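Number of protein chains: 2
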Amino acid sequence: MFDKPFSKIAIIGAGNVATHLGSALMKAGQPLHCICNRDEEKGRRLASLLGVQYIYDLTLLNQYDLIILAVSDDAITTVANQLKECSALVVHTSGTMPLSSLSVIGANIGVFYPLQTFSKQHAVDFSIIPICVYSTTEKYNQLLFSLACQLSNTVHVISDDQRRKIHIAAVLVNNFSNYLYIRAFDFLHENNLPVDLLKPLIIETALKINDIPPFEAQTGPAKRGDMETISKHLELVKNDQELSELYRIITNRVLSIYHPGATIKD
Amino acid sequence: MFDKPFSKIAIIGAGNVATHLGSALMKAGQPLHCICNRDEEKGRRLASLLGVQYIYDLTLLNQYDLIILAVSDDAITTVANQLKECSALVVHTSGTMPLSSLSVIGANIGVFYPLQTFSKQHAVDFSIIPICVYSTTEKYNQLLFSLACQLSNTVHVISDDQRRKIHIAAVLVNNFSNYLYIRAFDFLHENNLPVDLLKPLIIETALKINDIPPFEAQTGPAKRGDMETISKHLELVKNDQELSELYRIITNRVLSIYHPGATIKD
Chain A
0 MFDKPFSKIA
10 IIGAGNVATH
20 LGSALMKAGQ
30 PLHCICNRDE
40 EKGRRLASLL
50 GVQYIYDLTL
60 LNQYDLIILA
70 VSDDAITTVA
80 NQLKECSALV
90 VHTSGTMPLS
100 SLSVIGANIG
110 VFYPLQTFSK
120 QHAVDFSIIP
130 ICVYSTTEKY
140 NQLLFSLACQ
150 LSNTVHVISD
160 DQRRKIHIAA
170 VLVNNFSNYL
180 YIRAFDFLHE
190 NNLPVDLLKP
200 LIIETALKIN
210 DIPPFEAQTG
220 PAKRGDMETI
230 SKHLELVKND
240 QELSELYRII
250 TNRVLSIYHP
260 GATIKD
Chain B
0 MFDKPFSKIA
10 IIGAGNVATH
20 LGSALMKAGQ
30 PLHCICNRDE
40 EKGRRLASLL
50 GVQYIYDLTL
60 LNQYDLIILA
70 VSDDAITTVA
80 NQLKECSALV
90 VHTSGTMPLS
100 SLSVIGANIG
110 VFYPLQTFSK
120 QHAVDFSIIP
130 ICVYSTTEKY
140 NQLLFSLACQ
150 LSNTVHVISD
160 DQRRKIHIAA
170 VLVNNFSNYL
180 YIRAFDFLHE
190 NNLPVDLLKP
200 LIIETALKIN
210 DIPPFEAQTG
220 PAKRGDMETI
230 SKHLELVKND
240 QELSELYRII
250 TNRVLSIYHP
260 GATIKD
């Protein structure tokens with residue numbers, strides 16, 4: 000384990016991942032020296048926020064030993080093509096893209112995937128964010144592992160296949176849960192009810208995960224097999240076809256776990 | 000507004016709602032005097048925890064002016080039948096049951112519904128829990144409103160119809176989100192990956208709700224219209240019919256919001 004496994008780090012990108020990761024690297028005293036970004040204004044803004052240099056021309060990165068691509072999945076190959084001559088270890092931060100998406104660069108490639116949802120408006124505590132690292136050699140794995148340990152208490156070496164599976168699970172708990180929040184808020188809006196009512200419940204539902212496995216934390220009409228309440232709910236949402244279908248599908252799923260054989264008809 | 004709108008309060012029930020509500024009443028210095036419960040052992044345990052009396056015989060409640068039924072929905076009518084002669088205001092704590100489920104008692108009935116998910120293992124801060132109150136008269140509404148304000152910063156007078164709609168929204172964000180957590184945990188278990196990886200993401204997804212409306216907080220492949228990642232995910236879950244179906248349905252829903260016209264085929 001090294002305190003500073005790399006001597007000069009660059010981040011390419013100026014979005015949410017670049018912002019939060021850059022800020023975590025600076026806080027951990029890691030040698031982040033520059034932000035590179037196609038959009039100069041955004042790049043300069045983040046560089047100035049972090050107190051590092053802004054660089055437009057990627058060929059100026061030849062003194063660096065770690066380059067972190069914090070760009071969208073579909074930009075990874077394009078940027079990788081511009082780093083062909085590069086001697087630094089180049090890592091991407093994607094949950095989905097394989098290590099080989101960088102292989103045009105050579106063997107000096109890796110993955111540094113922080114498993115979190117980032118947004119500019121919301122500060123996050125990086126120390127609790129799991130980081131999944133992966134590379135082509137044991138030496139690179141160790142260097143990335145060491146760097147990740149400087150930022151987070153939870154670091155794993157995770158293969159492409161494993162990372163993709165973790166990403167699917169992340170889509171379920173993050174993207175799909177958030178879709179449920181959208182539908183619930185819309186339903187309250189349509190009925191002139193204040194959406195703030197739901198916020199403590201949403202947060203408590205998530206916090207329970209720290210104490211109780213979700214299988215045990217399940218509550219509600221489907222968990223109880225309370226078909227009367229389920230019928231009343233379906234009656235109340237019957238004019239909203241999408242919401243009815245969603246209610247029916249997930250209710251049947253929960254019933255099938257806790258009350259095998261019980262089911263609501265179409 | 001009164002500091003102590005009631006002079007002698009009883010709770011019937013000894014489950015999660017009774018426990019948390021009882022504890023909140025005691026903390027707020029409200030005159031909770033007893034716990035009643037069919038199961039004597041459970042009842043005595045909660046009474047002793049709260050430092051109040053345990054009562055088995057409901058006919059002994061004639062000195063009370065507020066009786067809170069913290070029992071399951073299907074027990075409400077049964078208990079109400081035993082309180083026919085009662086002069087106290089009797090309220091239930093259910094999101095689904097109408098006020099009229101207590102009407103055998105007379106006009107001295109109401110609803111006191113804390114919108115939260117309670118579990119014994121997890122302490123909650125009652126002051127942030129929205130409480131929905133409702134009754135037959137303006138005077139009772141005011142008394143219940145005053146009591147609720149002693150426990151929480153968010154109190155609304157909410158009709159039966161409104162409360163049922165709020166309960167549906169609560170099912171979406173609580174029960175259905177928790178079902179997604181179950182599926183995500185199962186998927187990681189099946190693939191020998193540590194479920195702890197997901198916990199910070201689950202919590203952050205929920206906390207975002209305080210800063211960003213869910214419509215703006217949405218991220219992920221469907222939000223981006225990233226059909227390549229979606230195809231890869233579907234390929235990886237194709238042997239799990241339930242998970243495939245779930246992934247397909249919610250992904251199509253998110254696509255329809257952010258990329259009208261885009262859809263994944265069956």
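These protein sequence lines map, in sequence, to chains A and B.
Residue numbers for the first sequence follow numbering that gives the first Met the number 0, so the first one is 0 and each next one is one higher.
Residue numbers for the second sequence follow numbering that gives the first Met the number 0, so the first one is 0 and each next one is one higher.
All residues carry an ideal CB built from backbone N, CA and C; glycine is no exception.
None of these values were measured; they are calculated from a predicted model.
Outcome for residue i when other beta-carbon atoms lying within 10 angstroms are tallied against a minimum of 16
| i | result |
| --- | --- |
| residue 136 of chain A | exposed |
| residue 59 of chain A | exposed |
| residue 212 of chain A | exposed |
| residue 185 of chain A | buried |
| residue 266 of chain B | Not covered by the structure: residue 266 of chain B. The range shown for chain B is 0 to 265. |
| residue 39 of chain B | exposed |
| residue 260 of chain B | exposed |
| residue 178 of chain A | buried |
| residue 77 of chain A | exposed |
| residue 134 of chain A | buried |
| residue 262 of chain A | exposed |
| residue 176 of chain B | buried |
| residue 271 of chain A | Not covered by the structure: residue 271 of chain A. The range shown for chain A is 0 to 265. |
| residue 155 of chain B | buried |
| residue 1 of chain B | exposed |
| residue 3 of chain B | exposed |
| residue 237 of chain B | exposed |
| residue 138 of chain A | exposed |
| residue 264 of chain B | exposed |
Whole-Å CB distance - residue i paired with residue j, under 8 Å assumed
| i | j | result |
| --- | --- | --- |
| residue 83 of chain A | residue 110 of chain A | With 8 Å as the limit, residue 83 of chain A and residue 110 of chain A do not qualify as a contact, their Cβ atoms being about 19 Å apart. |
| residue 92 of chain B | residue 106 of chain B | With 8 Å as the limit, residue 92 of chain B and residue 106 of chain B do not qualify as a contact, their Cβ atoms being about 19 Å apart. |
| residue 100 of chain B | residue 61 of chain B | Actually they are not in contact, since the Cβ atoms of residue 100 of chain B and residue 61 of chain B sit about 22 Å apart, beyond 8 Å. |
| residue 114 of chain A | residue 132 of chain A | Not really, about 11 Å apart at Cβ, beyond 8 Å. |
| residue 45 of chain A | residue 17 of chain A | 6 Å |
| residue 116 of chain A | residue 241 of chain B | Between residue 241 of chain B and residue 116 of chain A the Cβ distance is about 25 Å, and since that is not below 8 Å, they are no contact. |
| residue 181 of chain A | residue 151 of chain A | So it is not a contact: roughly 30 Å between Cβ atoms. |
| residue 31 of chain B | residue 42 of chain B | At roughly 14 Å, the Cβ-Cβ gap does not stay under 8 Å, so residue 31 of chain B and residue 42 of chain B are not in contact. |
| residue 304 of chain B | residue 256 of chain A | Within the shown structure, residues of chain B are numbered from 0 to 265, placing residue 304 of chain B beyond reach of any answer. |
| residue 67 of chain B | residue 90 of chain B | 6 Å |
| residue 198 of chain A | residue 130 of chain B | Not a contact, Cβ separation roughly 14 Å. |
| residue 124 of chain B | residue 96 of chain B | Their Cβ separation, rounded to whole angstroms, is 26 Å, which puts residue 124 of chain B and residue 96 of chain B out of contact at 8 Å. |
Closest Cα partner of residue i within the set the options
| i | options | result |
| --- | --- | --- |
| residue 192 of chain B | A/168, A/126 and A/219 | A/168 |
| residue 56 of chain B | B/73, B/157, B/36 and B/202 | B/36 |
| residue 173 of chain B | A/250, A/238 and A/117 | A/250 |
| residue 159 of chain B | A/235, A/252, A/108 and A/208 | A/235 |
| residue 29 of chain A | A/8, A/222 and A/41 | A/8 |
| residue 24 of chain B | B/54, B/41 and B/65 | B/65 |
| residue 253 of chain B | A/171, A/254, A/63 and A/124 | A/171 |
| residue 121 of chain A | B/51, B/215 and B/146 | B/215 |
| residue 98 of chain A | A/219, A/157, A/223 and A/14 | A/157 |
| residue 75 of chain B | B/12, B/196 and B/123 | B/12 |
| residue 218 of chain B | A/2, A/94 and A/63 | A/94 |
| residue 190 of chain B | A/210, A/145, A/205 and A/165 | A/165 |
| residue 14 of chain A | A/89, A/119 and A/140 | A/119 |
| residue 27 of chain B | B/145, B/196 and B/108 | B/145 |
| residue 126 of chain B | B/112, B/147, B/139 and B/88 | B/147 |
| residue 196 of chain B | A/188, A/222, A/112 and A/194 | A/112 |
| residue 53 of chain B | B/246, B/227, B/10 and B/199 | B/10 |
| residue 206 of chain A | B/201, B/183 and B/63 | B/201 |
| residue 187 of chain B | A/162, A/208 and A/224 | A/162 |
Heavy atom of the ligand FAD within 6 Å of residue i beta-carbon
| i | result |
| --- | --- |
| residue 34 of chain B | Annotation note on the ligand FAD: not contained in the displayed structure, which lists no ligands. |
Practice task
With 8 Å as the C-beta to C-beta threshold (strictly closer), list the residues of the region 207-218 of chain A near chain B in chain order.
Solution key: Answer in chain order: 207, 208, 209, 210, 211, 212, 213, 214, 216, 217 and 218.
Problem - Near-chain A residues of the region 81-100 of chain B - C-beta to any C-beta below 8 Å - result: Closer than 8 Å at the C-beta level to chain A, one finds these residues of the region 81-100 of chain B: 95.
Practice task
Please list the residues of the region 113-133 of chain B that have a C-beta atom closer than 9 Å to any C-beta atom in chain A, keeping them in chain order.
Solution key: Against chain A - using a Cβ distance shorter than 9 Å - the residues of the region 113-133 of chain B are 114, 115, 116, 117, 118, 120, 121, 123, 124, 127, 128, 129 and 131.
Practice task
Determine which residues of the region 226-238 of chain A have a Cβ less than 7 Å from any Cβ of chain B, and write them out in chain order.
Solution key: The residues in question are 228, 231, 232, 235 and 236.
Practice task
Please list the residues of the region 154-178 of chain A that have a C-beta atom closer than 9 Å to any C-beta atom in chain B, keeping them in chain order.
Solution key: Hits within the stretch, in order: 155, 157, 160, 161, 163, 164, 165, 166, 167, 168, 169, 170, 171, 172, 173, 174, 175, 176, 177 and 178.
Handout entry: the region 241-255 of chain B: positions lying closer than 9 Å to chain A by Cβ
Key = Taking 9 Å as the cut-off between beta carbons, the residues of the region 241-255 of chain B near chain A are 241, 242, 244, 245, 246, 248, 249, 250, 252, 253 and 255, in sequence order.
Handout entry: Against chain B: residues of the region 26-38 of chain A by CB proximity under 9 Å
Key = Listed by position along the chain: nothing, the set is empty.
Exercise for the section: Using a Cβ-Cβ cut-off of less than 7 Å, give me the residues of the region 179-194 of chain A that come near chain B, in sequence order. Expected result: From the region 179-194 of chain A, only 179, 180, 181, 182, 183, 184, 186, 187, 190 and 192 have a Cβ closer than 7 Å to chain B.
Exercise for the section: Please list the residues of the region 63-80 of chain A that have a C-beta atom closer than 7 Å to any C-beta atom in chain B, keeping them in chain order. Expected result: If the cut-off is 7 Å between Cβ atoms, the region 63-80 of chain A has 72 near chain B.
Exercise for the section: Taking only beta carbons into account, state which residues of the region 138-151 of chain A come closer than 8 Å to chain B, listed in chain order. Expected result: Listed by position, the residues of the region 138-151 of chain A near chain B (Cβ gap below 8 Å) amount to none.
Exercise for the section: For the region 10-22 of chain A, enumerate the residues whose C-beta is nearer than 7 Å to any C-beta of chain B, in chain order. Expected result: For the region 10-22 of chain A, which is checked against every Cβ of chain B, not one residue is closer than 7 Å.
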